[in-house]
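The structure under discussion appears below in the form of structure tokens.
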Amino acid sequence: MRIATWNVNSVRQRLGHLLDFLKEAEPDALCLQELKCMDADFPRREIEEAGWQVETHGQKTFNGVAIISRSKLEDVRRGLPGDESDEQARYLEGVLPLGTGVVRLASIYLPNGNPPNTEKYPYKLNWMRRLTAHAKELLAHEEPLVLAGDYNVIPEPRDAREPAAWVDDALFLPPTRSAFRGLINLGLTEALRATTDTPGLYTFWDYQAGAWQRNNGIRIDHLLLSPQAADRLAGVSIAKHVRGWDKPSDHVPVLVELRPQ
DNA sequence: ATGGCAGCTTTGAGCTGA
Numbered sequence: 001m002r003i004a005t006w007n008v009n010s011v012r013q014r015l016g017h018l019l020d021f022l023k024e025a026e027p028d029a030l031c032l033q034e035l036k037c038m039d040a041d042f043p044r045r046e047i048e049e050a051g052w053q054v055e056t057h058g059q060k061t062f063n064g065v066a067i068i069s070r071s072k073l074e075d076v077r078r079g080l081p082g083d084e085s086d087e088q089a090r091y092l093e094g095v096l097p098l099g100t101g102v103v104r105l106a107s108i109y110l111p112n113g114n115p116p117n118t119e120k121y122p123y124k125l126n127w128m129r130r131l132t133a134h135a136k137e138l139l140a141h142e143e144p145l146v147l148a149g150d151y152n153v154i155p156e157p158r159d160a161r162e163p164a165a166w167v168d169d170a171l172f173l174p175p176t177r178s179a180f181r182g183l184i185n186l187g188l189t190e191a192l193r194a195t196t197d198t199p200g201l202y203t204f205w206d207y208q209a210g211a212w213q214r215n216n217g218i219r220i221d222h223l224l225l226s227p228q229a230a231d232r233l234a235g236v237s238i239a240k241h242v243r244g245w246d247k248p249s250d251h252v253p254v255l256v257e258l259r260p261q
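If you're matching positions, the first sequence starts at 1 in UniProt numbering and goes up one per residue.
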């Protein structure tokens, strides 16, 4: 089974790339972030006509997450629990029924948090606390679980081409990295680092200053696996070539392959 | 040292992203 995550930076701008990637990668499910549109404006018809099921949790202008899958997503949850006043569409969760069992899957768009000296940073840290609390509840189910998305967290210096440039950034500040470790320490496995120690693996390259051409990237899109999912981990890949397509997203897809149960 | 791009909306200058 193949599960992918991709921050598309506007699903309407990226529809062509999205359909191409689905055809090329043939995932069982693809988590999307940064739809930048309301549910009514999501290009649902085009994706369904290509043979996919679609669940969305959209928002006007900003944020928005979705899960595209071959089989229909069940037990769908929209929004991260823990703050009824939070109106930002950053979390979508459901259960994928499979021939050999089920996998619970979440599409996550964790807040950026910049600039750190504003209310945006405590919002990010609080969101991470809520995610950790919710993940703890999900882990109690002792089932295959994949928490996939744009975490806006650079876990370690080796996950940035120029770590010194990020030391004062919300993506790399010590409280951010500490909160990410706290999430992992619940018992989750970060899929890519379970398979390789190679530096220079990135999932985001800024549009500015020739970041892509200079390979000045950061690794901020992650898939976290419960023990029951990690036991089945067969491989991880970063679809780096997608960043070279015409009019690309600034993020590329990340994929995990899980063995059958 | 700085800004540089892209996408959104109040459709055009300002916000946001990372």
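Think of the CB as a built atom: it goes at the ideal place given N, C-alpha and C, for glycine as much as any other residue.
CA-to-CA distance, G200 to P157, given in whole angstroms: Between P157 and G200, the alpha-carbon positions lie close to 10 Å from each other.
Run of the alpha helix (DSSP H) containing Y123, from where it starts to where it stops: Element bounds for Y123: K120 to L139.
Using DSSP with H/G/I as helix, E/B as strand and the rest coil, what is S237? Strand, per DSSP.
Cα-Cα separation, L110 to E190: Roughly 16 Å between the two C-alpha positions.
Burial state of S69, where buried means 16 or more other Cβ atoms lie within 10 Å: That one is buried.
Assign S10 to one of two classes, buried (16 or more other C-beta atoms within 10 Å of its C-beta) or exposed (fewer than that). Exposed, because fewer than 16 other Cβ atoms sit within 10 Å of the Cβ of S10.
For Y202, does the count of other Cβ atoms within 10 angstroms reach 16, so buried, or fall short, so exposed? Label assigned to Y202: buried.
Using only the alpha-carbon positions, how far apart do G51 and E87 sit? Taking the CA atoms as reference points, G51 sits about 31 Å from E87.
Per DSSP, which one or two residues make a beta bridge with C31? Answer by DSSP bridge pairing, in chain order: T5 and I67.
Can you look up E49 in the DSSP assignment and give me helix, strand or coil? Helix at E49.
Whole angstroms are fine: how far does the CA of Y123 sit from the CA of S85? Just so you know, the alpha carbons of S85 and Y123 end up roughly 12 Å apart.
Identify every residue that forms a DSSP beta bridge with T189. L225.
Inspect the beta-carbon positions of L108 and A148 and report whether they are closer than 8 Å. For clarity, residue 108 is Ile in the given sequence; the question names Leu instead. In this structure, I108 lies near A148, with their beta-carbon atoms less than 8 Å apart.
Taking the Cβ atom as the reference point for each residue, do A170 and Y207 lie within a distance shorter than 8 Å? No; because the gap between Cβ atoms is not below 8 Å, this pair is not in contact.
For L98, collect the residues of the same chain with a Cβ closer than 8 Å to its Cβ; drop the 5 residues on either side in sequence, then sort them by chain order. Sequence-distant Cβ neighbours of L98 in its own chain, meaning closer than 8 Å and more than five residues away, are M1, D28 and S71.
Could you tell me how far apart the beta carbons of V102 and E143 are, in whole angstroms, since I believe they sit closer than 8 Å? The pair is a contact, with the Cβ atoms about 7 Å apart (cut-off 8 Å).
Taking buried to mean at least 16 other C-beta atoms within 10 Å of its own C-beta, is A133 buried or exposed? Exposed, since its Cβ has fewer than 16 Cβ neighbours within 10 Å.
DSSP-derived helix/strand/coil call for E55: Strand.
Kindly indicate which three-state DSSP category S178 falls into: helix, strand or coil? Secondary structure at S178: helix, using DSSP grouped into helix, strand and coil.
Between E257, F204, I220 and T195, which lies nearest to R243 when the distance is taken from Cα to Cα? When only C-alpha atoms are compared, the closest one is F204.
Spatial neighbours of Y151 within its chain, please: CB distance less than 8 Å, with the 5 preceding and 5 following residues excluded, ordered by chain position. Here Y151 has I108, L110, F180, I220, D221 and H222 as same chain residues with Cβ atoms under 8 Å from its own Cβ, once five neighbours each way along the sequence are excluded.
Are the beta-carbon atoms of P174 and L125 separated by less than 8 Å? No, the pair does not count as a contact, with Cβ atoms beyond the cut-off.
Reduced DSSP category for V11 - H, G, I as helix; E, B as strand; rest coil: Of the three classes helix, strand and coil, the one that applies to V11 here is coil, per DSSP.
May I ask you to report which of helix, strand or coil DSSP gives L110? DSSP places L110 in coil when its eight states are reduced to three.
Residues near E7 in its chain [Cβ-Cβ closer than 6 Å; skip 5 each side]: Looking at the sequence provided, one finds Asn at residue 7 rather than Glu. Around N7: Q33, E34, D150 and H251.
With H, G and I counted as helix, E and B as strand and the rest as coil, what does DSSP make of E156? Under the three-state reduction of DSSP output, E156 falls in the coil class, being neither helix nor strand.
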